[in-house]
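Residue numbers 0 to 129, in numbering that gives the first Met the number 0, belong to the letters of the sequence shown in order.
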Amino acid sequence: MFFRSLFWERTVLSLLEKVQRLPANVQSEIASRVGGYIDIADATRDECSLEQFATAAVKKREKVIAQGVKSILDERWAAQALAEAWCVARLGLYNGSLSRHSAMAVIVAIEAFAPNRSAYLAKGSARWSA
């Protein structure tokens, strides 16, 4: 489990590093989308609900890919991938499927990237469902 967790952690953190090299306006949009998703998902405190949020993020990412998005750095793809990773990390803490270190590293990094999540919700989350 340790090496699988470490590989997954490195993959997610690598994506986040690439996102952080994007222009500030693109980073802001991704952070807003991820933050809004986290705020909603964080309100649920059970494993089943987090699984549903992770599944929803996967489906939205697949929908974006089906629309022709080819770059993992497209804001729509990256936001869904980071939201999914946050959910998977939280689930990994709950059920022990990830090492605690890897799960916490991903959670902390993603939450640090999207720190002003409540500002997104104040604008409304209608954009998220698009």
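Beta carbons are placed, not taken as given, at the ideal position from N, Cα and C, and that holds for glycine.
Around V57, the same chain offers E83 as residues with beta carbons nearer than 6 Å, after the five sequence neighbours per side are excluded. Where A82 is concerned, the enclosing alpha helix (DSSP H) starts and stops at 74-94. If you keep only unbroken alpha helix (DSSP H) runs of at least 4 residues inside the region 5-85, you get 23-41, 46-65. For a cut-off of 8 Å, the C-beta gap from W76 to R60 is around 6 Å, short enough to register as a contact. In the three-state reduction of the DSSP assignment, M0 falls in the coil class, being assigned neither a helical nor a strand state. Taking 8 Å as the cut-off, the beta carbon of L81 is found no closer than this to the beta carbon of V25. For E8 and A104, the gap between their C-alpha atoms comes out near 7 Å. Between the region 2-21 and the region 44-52 there are fewer than three C-beta pairs closer than 8 Å, too few to call the two in contact. The DSSP-derived three-state label of A104 is helix. Nearest Cα to S4 within the set Y36, I64, S101, I106: S101.
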